[in-house]
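Reviewing the structure listed below.
2 protein chains.
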Amino acid sequence: MPDLTPAHNRRIVLAARPQGLPQPGDFRLEHAPIPEPQEGQVLLHTEYLSLDPYMRNLMDEIGPGYAPSVELGGVMPGGTVSRVVKSRHPDWREGGLVLAGAGWQDYAVADGASLMSLDGMDRPSLALGGLGMPAFTAHVGLLDIGQPQPGETVVVAAATGAVGAMVGQIAKLKGARVVGIVGGADKRRYALEELGFDATIDRHDPGFARQLAEACPDGIDVYFENVGGAVLLAVLPLLNLNARMPVCGFIAHYNGGADLPVAEQDHLPQLLATVLQKRVRMQGFIILDHYGPRFDAFQREMSAWLAADRIKVREDVVQGLEHAPDAFTGLLQGRNFGKLVVKVA
Amino acid sequence: MPDLTPAHNRRIVLAARPQGLPQPGDFRLEHAPIPEPQEGQVLLHTEYLSLDPYMRNLMDEIGPGYAPSVELGGVMPGGTVSRVVKSRHPDWREGGLVLAGAGWQDYAVADGASLMSLDGMDRPSLALGGLGMPAFTAHVGLLDIGQPQPGETVVVAAATGAVGAMVGQIAKLKGARVVGIVGGADKRRYALEELGFDATIDRHDPGFARQLAEACPDGIDVYFENVGGAVLLAVLPLLNLNARMPVCGFIAHYNGGADLPVAEQDHLPQLLATVLQKRVRMQGFIILDHYGPRFDAFQREMSAWLAADRIKVREDVVQGLEHAPDAFTGLLQGRNFGKLVVKVA
């Protein structure tokens, strides 16, 4: 069998910090020598690359505490399913499949300690989605912060996305009523028929806020915040007393927040009034903080749900590393349908 | 001794819903017959009336869940120290002193079940402040939501006010470093010398935000939110990872939010970014929810602190019911110095 792997490392680096939505010129595809692992390291070949909204934040200059910004000229970061092609670490054999953070490139060297084995996994790309970071984010945010009770109403936006679809399905398994906000008729149908949500709203509909109110006749008990913007503003008047709002992201603002209906108005007083009057608990969380104490419990529960077909996973697979920038820009606009991964090798 | 109590009931009613800061014409002083208690009721004569910022919210038309709006023509509500002058309830003897919610008037009838005895209390007006709702608000918000740890930095605004002074002093007793935001040199001196705060900032100072940063070299772990506006915007960049923000009020916005430096800008994205990146927990609370499970524990602890002079209380006493509207408007502008009460009888 001929060796089809490239003799060099293709890598996509940050060429410029985006103004608003990332443009093709903000990325640059480079060719570099394949790196050599040192003692204690392995050389990884990327099979699948995960694309996730948080990456947009890392393209900006940001302060300490979140995650480090990507340097200009630096490789775009990201979770990967990778093959060990050379090992200088006793724990990792060549040919094994691992979960790594190799970023937007064909090859990377990694410390052995930073890897997780995926050997024996039927569908290893799930390690980037349904059994990985996005589903773990949904699990921690919804269950630990949102704490939905049977019969309560849970609202989630981007509801067919990697995180949102999990939030809604886990909430259903916990006995909640789930209202999903999506973009487009196909996604509405999928959320209702495949994911089993109780109602869906199309965020592009001009009557969106009224429809959300109609879909939540008993108000909203848990709003899983991953978009902000117009969705958040429509949610605020519907929140019930003692509502919970896990804050996982706010993709509507990542590129400048142009979707806000009245962008020149200050909505901070409205948020404060709601938080006070409705005794809302709002809590930001970054999933990286929770791996140690919480990941094993998540993986056990989610594996069982997937095996029993109680949770459905949909992947949106893009072929070829060179298409990662386009696919990523589409993700920020909601063009993907399911967990977005790039098949690299 | 001649009976100097009026032969009619003076009461201050809501004449118009305020636009921004309440104006004299938004209130009306009326004279009405003294009401008669029915079986199971008592007639109360107001000795002290509490004035508190939350009353401003009740002057607006507000949705369900917070507390009912005052009707146009309705008596302004408020906590009172009242004397039982007629009793048709077996538990209450005439001449006894009680904590009640008689509102801005000389006389009121009340159900016996809604009262708390203040007999034997040396300084009964404390039931409206240091041993009452404002101090209880500070205790619940700071300890249950804020959870300051020894060595952490706690920031509180309106820091010589009824709630703020308690927040700062309780935080000191729990071993935190306390930075108080006040208006004016007298209040700075009082907060430093009498209340024992570690640093104070004058909110009128043009260099306010920079000074706050300098006063919080280790960042902010707990921000007790009772003002919003420019103070909140100065606090946001200083919050530490896992900071807590009990939301008790936001007086800067009650009259339209004119103190915001850039009012035409939407600060909601900045708040969301901070909550997410710093994993902030923000939680609104309304003290009325907490009396049942929590008030006794508060009163025991606070009584002991007051008896041991570990907590100081300052009252700003206004003489005469007719001055309540002016005094209340002053409260909203920070003109009071200490817990504001009106000596009615």
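In the order they appear, the protein sequences are chains E and G. Those letters in the first sequence? Residues 1 to 345, by full-length UniProt numbering. Those letters in the second sequence? Residues 1 to 345, by full-length UniProt numbering. Beta carbons: idealized from backbone N, C-alpha and C, even for Gly. Since the model is a prediction, treat every value here as computed from it, not as a measurement.
{"Check": "Contact with chain G by D60/E, beta-carbon distance below 8 angstroms", "Outcome": "no"}
{"Check": "Contact set between the segment 270 to 295 of chain E and chain G, restricted to residues whose Cβ is under 9 angstroms from the partner", "Outcome": "Q270, L271, L272, A273, T274, V275, L276, Q277, K278, R279, V280, R281, M282, Q283, G284, F285, I286, D289"}
{"Check": "Closer than 7 angstroms: D205/G CB and nearest the ligand FMN heavy atom", "Outcome": "The model depicted lacks the ligand FMN and carries no ligand whatsoever."}
{"Check": "Proximity test, Cβ basis, 8 angstroms: L268/E and chain G", "Outcome": "yes"}
{"Check": "Anticipated Cβ contact below 8 angstroms, L49/E with W104/E, distance rounded", "Outcome": "6 angstroms"}
{"Check": "Where M1/E falls: helix, strand or coil (DSSP)", "Outcome": "Unreliable placement is indicated for M1/E, whose pLDDT of 42 sits below 50; the coordinate value is still reported in the next sentence. If DSSP states are grouped into helix, strand and coil, M1/E belongs with coil."}
{"Check": "The segment 83 to 97 of chain G in contact with the segment 287 to 295 of chain G per 3-pair CB rule at 8 angstroms", "Outcome": "no"}
{"Check": "Interface partners of F136/E on chain G, CB under 9 angstroms", "Outcome": "Going along chain G, no residue has its Cβ under 9 angstroms from F136/E, so there is no contact; the nearest lies around 16 angstroms."}
{"Check": "Beta-carbon neighbours of F250/G, restricted to chain E and to distances below 8 angstroms", "Outcome": "P269, L272, A273, L276"}
{"Check": "Anticipated Cβ contact below 8 angstroms, V313/G with G130/G, distance rounded", "Outcome": "4 angstroms"}
{"Check": "Cutoff 6 angstroms; reference A252/E; Cβ partners in own chain excluding five residues on either side", "Outcome": "V227, G228, G229, D259"}
{"Check": "Where the segment 300 to 328 of chain E meets chain G: residues whose CB sits under 8 angstroms from a CB there", "Outcome": "none"}
{"Check": "Q333/G at chain E interface by Cβ criterion, 8 angstroms", "Outcome": "no"}
{"Check": "Cβ neighbours of A304/E in the same chain (closer than 7 angstroms, five flanking residues each side left out)", "Outcome": "none"}
{"Check": "Neighbour flag for H89/E against chain G, beta carbons, 8 angstroms", "Outcome": "no"}
{"Check": "Inter-residue Cα distance where the pair is Q265/E and D266/G", "Outcome": "6 angstroms"}
{"Check": "Nearest to A159/G (by Cα), restricted to the options L236/G, V167/G, T153/G", "Outcome": "V167/G"}
{"Check": "Three-way DSSP call (helix, strand, coil) for V231/G in this model", "Outcome": "helix"}
{"Check": "For G284/G and E71/G, the rounded distance between their alpha carbons", "Outcome": "25 angstroms"}
{"Check": "Below-8 angstroms beta-carbon distance, Q265/G vs any chain E residue", "Outcome": "yes"}
{"Check": "CB contact below 8 angstroms: H139/G versus chain E", "Outcome": "no"}
{"Check": "Short Cβ contact (8 angstroms threshold) for D202/E with V178/E", "Outcome": "no"}
{"Check": "Boundaries (first-last residue) of the beta strand (DSSP E) holding V275/E", "Outcome": "Not the beta strand (DSSP E): V275/E falls in the alpha helix (DSSP H), residues 268 to 277."}
{"Check": "Straight-line gap, D326/E to L51/E (C-alpha atoms, nearest Å)", "Outcome": "11 angstroms"}
{"Check": "F224/E - containing beta strand (DSSP E), residue span", "Outcome": "220 to 224"}
{"Check": "Cross-chain neighbours of G228/G in chain E, by beta carbon under 9 angstroms", "Outcome": "L268, P269, L272"}
{"Check": "Cross-chain neighbours of V247/G in chain E, by beta carbon under 8 angstroms", "Outcome": "L272, V275, L276"}
{"Check": "Local Cβ density within 10 Å of A324/G, reported as buried at 16 or more and exposed below that", "Outcome": "buried"}
{"Check": "Any chain E beta carbon closer than 8 angstroms to H253/G", "Outcome": "yes"}
{"Check": "Any alpha helix (DSSP H) of 4 or more consecutive residues that is wholly inside the segment 118 to 176 of chain G", "Outcome": "133 to 139, 164 to 173"}
{"Check": "At least 3 beta-carbon pairs within less than 8 angstroms: the segment 178 to 196 of chain E vs the segment 109 to 120 of chain E", "Outcome": "no"}
{"Check": "Where the alpha helix (DSSP H) through residue 353/E begins and ends", "Outcome": "One cannot answer for residue 353/E here, as it falls past the ends of chain E, which runs 1 to 345."}
{"Check": "Cβ-based burial, R244/E [other Cβ within 10 Å; buried from 16]", "Outcome": "buried"}
{"Check": "Through-space distance from M133/G to V341/G, alpha-carbon basis", "Outcome": "13 angstroms"}
{"Check": "Local conformation of K187/G per DSSP, three classes", "Outcome": "helix"}
{"Check": "8 angstroms CB neighbourhood of L236/E in its chain, flanking five on each side removed", "Outcome": "Q270, L271, T274"}
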